[in-house]
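>
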Amino acid sequence: MKTERIGDAYYLQARDFNEYHQLENNLKPEVSSLKINRKHFLETDDVIVAAKGMNHFAFTYNNEVTPAVASSMFIVLRYFDPNSVISGYVSWFINHPKTQTFLSRSSKGSGIPSINKSTIGDLEIPIPSIETQQRILKLGQLKIKERKLQEKIRNLKNEVLNEQLIKIIK
Numbered sequence: 020m021k022t023e024r025i026g027d028a029y030y031l032q033a034r035d036f037n038e039y040h041q042l043e044n045n046l047k048p049e050v051s052s053l054k055i056n057r058k059h060f061l062e063t064d065d066v067i068v069a070a071k072g073m074n075h076f077a078f079t080y081n082n083e084v085t086p087a088v089a090s091s092m093f094i095v096l097r098y099f100d101p102n103s104v105i106s107g108y109v110s111w112f113i114n115h116p117k118t119q120t121f122l123s124r125s126s127k128g129s130g131i132p133s134i135n136k137s138t139i140g141d142l143e144i145p146i147p148s149i150e151t152q153q154r155i156l157k158l159g160q161l162k163i164k165e166r167k168l169q170e171k172i173r174n175l176k177n178e179v180l181n182e183q184l185i186k187i188i189k
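For the sequence shown, our numbering assigns the number 20 to the initial residue and increments by one for each residue that follows.
1) Val66 and Leu96 look like a contact to me (Cβ under 8 angstroms); what is the Cβ gap, rounded to whole Å?
2) Considering only DSSP beta bridges, list what Ile67 is partnered with.
3) Looking only at its own chain, which residues have a Cβ that is under 8 angstroms from the Cβ of Leu42, when we skip the five neighbours before and after it?
4) Taking DSSP as the reference, what is the three-state secondary structure of Ser133?
5) Could you tell me whether the Cβ atoms of Ile144 and Ala70 are closer together than 9 angstroms?
6) Run the CB neighbour count on Leu53, radius 10 Å, all protein chains shown included, and call it buried at 16 or more, exposed below.
7) Could you compute how far the alpha carbon of Tyr29 sits from the alpha carbon of Pro86?
8) Identify the residues that DSSP records as bridge partners of Phe36: which are they?
9) What is the DSSP secondary structure of Lys127, counted as helix, strand or coil?
10) Please state whether DSSP places Val179 in a helix, a strand or coil.
11) Can you have a look at His75 and say buried or exposed, based on whether 16 or more other CB atoms are within 10 angstroms of its CB?
12) Are the beta-carbon atoms belonging to Gln152 and Tyr108 less than 9 angstroms from one another?
13) Is the separation between the beta-carbon of Lys196 and that of Ile94 shorter than 9 angstroms?
14) With H, G and I counted as helix, E and B as strand and the rest as coil, what does DSSP make of Val109?
15) Looking at the strands, I want to know which residues DSSP matches up with Val50.
16) Could you say which of Met73, Ala89, Phe121 lies nearest to Glu62 if we only look at CA atoms?
17) If we ignore side chains and look at the alpha-carbon of each, how far apart do Arg124 and Ile187 end up?
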């Protein structure tokens with residue numbers, strides 16, 4: 020029997036994200052905010068990076084669920100200069116396949132590979148103009164939308180084929 024966790028604050032963990040590095044929709048508060056130091060609460064535009072595991076993805080927090088804290092498996096990046104960098108761009112760059120390859124190669128540990136703050140701090144992130152960052156983010160969103168639509172089409176084709184096969188045997 021599963022016990023239900025009750026609280027008023029969200030405790031973000033890797034399992035709370037889908038394959039597109041987006042928060043799942045069905046999250047529930049799990050911890051009491053009274054037991055959490057205020058400095059640990061996520062703020063708008065914080066970037067959280069999965070430091071442990073095989074996928075060191077990044078996510079930009081924008082009050083999707085609130086109040087929220089990131090589990091200890093994440094490194095929290097904050098206080099970006101809004102005049103020169105969009106935090107979503109930082110997440111996009113960290114999620115880029117080339118950066119992910121670098122982070123995988125930089126991870127240590129035989130059981131659960133992990134990266135540390137200095138690995139993230141050593142990342143050289145090219146910072147184009149704000150306009151270019153916005154275009155990159157828009158294209159990234161369109162790419163995700165395309166992948167979701169392709170997956171939906173693939174599933175529908177599979178359903179149609181399965182129905183046709185059932186009709187053949189009846």
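A virtual CB, placed ideally from N, CA and C, is assigned to each residue, including glycine.
In this text, all values refer to a predicted model and were calculated from it rather than measured experimentally.
Let me lay it out:
1) The beta-carbon distance between Val66 and Leu96, rounded to whole angstroms, is 4 angstroms. This is short enough to meet the 8 angstroms contact definition.
2) Under DSSP, Ile67 takes part in a beta bridge, and its partners are Phe78, Val95.
3) Cβ neighbours of Leu42 beyond the five flanking positions: Leu31, Asp35, Phe36, Phe78, Glu83, Val84.
4) DSSP places Ser133 in strand when its eight states are reduced to three.
5) No, the Cβ-Cβ distance between Ile144 and Ala70 is not below 9 angstroms.
6) So Leu53 counts as exposed.
7) The C-alpha of Tyr29 lies about 6 angstroms from the C-alpha of Pro86.
8) DSSP, once it has assigned bridges, lists Leu42 as partnering Phe36.
9) Here Lys127 sits in strand by DSSP.
10) In the structure shown, Val179 sits in a helix (DSSP, three-state: H, G or I).
11) The residue in question, His75, is buried, as its Cβ has 16 or more Cβ neighbours within 10 Å.
12) Result yes, Cβ atoms of Gln152 and Tyr108 sit closer than 9 angstroms.
13) Nothing about residue 196 can be reported from this structure: the residues present for the chain run from 20 to 189 only.
14) In the three-state reduction of the DSSP assignment, Val109 falls in the helix class.
15) As computed with DSSP, Val50 is found in a beta bridge with Ala28.
16) It is Ala89.
17) Answer to the nearest angstrom: the Cα atoms are 51 angstroms apart.
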